[in-house]
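What the sequence shown shows, in my numbering, is residues 37 to 209, in sequence order.
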Amino acid sequence: MPAKLGVGIIALTTFLSTAANAADPPGVTAFLQNHKLVRYTAAYSDLDGDGHSEALIYAMAIADDSQTPKTFKEANLCGSGGCLLYVLSLTPTDYRVITKISIVQLPVRVMSSISHGWHDLGVQVSGGGITPGYEARLRFDGHSYPSNPSMPPAIPLKNILGNVLIHTDSRLR
């Protein structure tokens, strides 16, 4: 029987403070504050089929308050290979980091295939010396997703399927 894929999307982008957005669940608000994220995109999807959405946070910059005198600065979390993607399990008031994935280029997809009860993710891999670019499937191993989509166990995809959760144009709306 094919897996049912339900994807709900909320994009929240280009914030210049860690003040919570009203649309963010409390767990996401706590994560943003704890990590001092000031530029990010958040999207939500029930990855594990439990009826509750997990959060995917595409992190682009944090507040850099190490400057003297104290002025608002950003520390970029992105390089030529991409930015950071966090997968969070949410509780009513908090969060648990499932995975921190490096060098992620957009788009981010939720695939219909399932590994260890969680939907596989698809991310673009390019830049940072990787040519040509390709889309990689990240399979959940029972504890987390692979932390680097350019290395095994991530798998380059031949057929790109799945619902796009975070689009390339959702970065800077």
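By construction, the Cβ of each residue, glycine as well, lies at the ideal position given by its N, Cα and C atoms.
Euclidean distance between Cα positions of residue i and residue j
{"i": "Arg175", "j": "Ala66", "result": "27 Å"}
{"i": "Val140", "j": "Ala95", "result": "10 Å"}
{"i": "Met147", "j": "Asn70", "result": "29 Å"}
{"i": "Pro128", "j": "Pro168", "result": "42 Å"}
{"i": "Leu83", "j": "Ile150", "result": "9 Å"}
{"i": "Leu124", "j": "Ser89", "result": "9 Å"}
{"i": "Gly163", "j": "Ile196", "result": "19 Å"}
{"i": "Ser138", "j": "Ile191", "result": "15 Å"}
{"i": "Ala92", "j": "Val144", "result": "Per the sequence presented here, residue 92 reads as Leu, with Ala not at that position. If I take the Cα positions, the gap works out to 9 Å."}
{"i": "Gly198", "j": "Arg173", "result": "10 Å"}
{"i": "Cys114", "j": "Leu68", "result": "17 Å"}
{"i": "Leu142", "j": "Leu121", "result": "10 Å"}
Sequence-distant residues of the same chain with beta carbon closer than 8 Å to residue i, five excluded per side
{"i": "Glu110", "result": "Val74, Arg75, Ala97, Ile98, Ala99, Asp100"}
{"i": "Ile166", "result": "Gly117, Ser186"}
{"i": "Asn184", "result": "Ile137, Ser138, Ile139, Ala190"}
Helix, strand or coil at residue i [DSSP, three-state]
{"i": "Leu68", "result": "helix"}
{"i": "Pro192", "result": "strand"}
{"i": "Pro61", "result": "coil"}
{"i": "Ile46", "result": "For Ile46, the predicted structure reports a pLDDT of 37, less than 50, and the residue's modelled location is therefore unreliable. The matter cannot be settled from this model."}
{"i": "Thr135", "result": "strand"}
{"i": "Thr77", "result": "strand"}
{"i": "Thr167", "result": "strand"}
Nearest candidate by alpha-carbon position, reference residue i, set the options
{"i": "Val133", "options": "Ser151, His179, Gly117", "result": "His179"}
{"i": "Lys72", "options": "Asn112, Gly87, Ala91", "result": "Asn112"}
{"i": "Thr204", "options": "Glu90, Gly63, Cys119, Ala91", "result": "Cys119"}
{"i": "Pro62", "options": "Thr77, Pro188, Asp130", "result": "Asp130"}
{"i": "His155", "options": "Asp86, Lys136, Leu68", "result": "Asp86"}
Nearest-angstrom Cβ-Cβ length linking residue i and residue j, presumed shorter than 8 Å
{"i": "Ser81", "j": "Leu201", "result": "6 Å"}
{"i": "Val64", "j": "Ala78", "result": "6 Å"}
Proximal residues to residue i (C-beta, below 7 Å), its chain only, five neighbours per side dropped
{"i": "His152", "result": "Phe176, Asp177, Gly178"}
{"i": "Pro189", "result": "Arg175, Pro182"}
Cβ-based neighbour list, residue i, same chain, cut-off 6 Å, excluding 5 preceding and 5 following
{"i": "Glu171", "result": "Gly158, Gln160, Leu193, Ile196"}
{"i": "Thr135", "result": "Val123, Ser180, Tyr181"}
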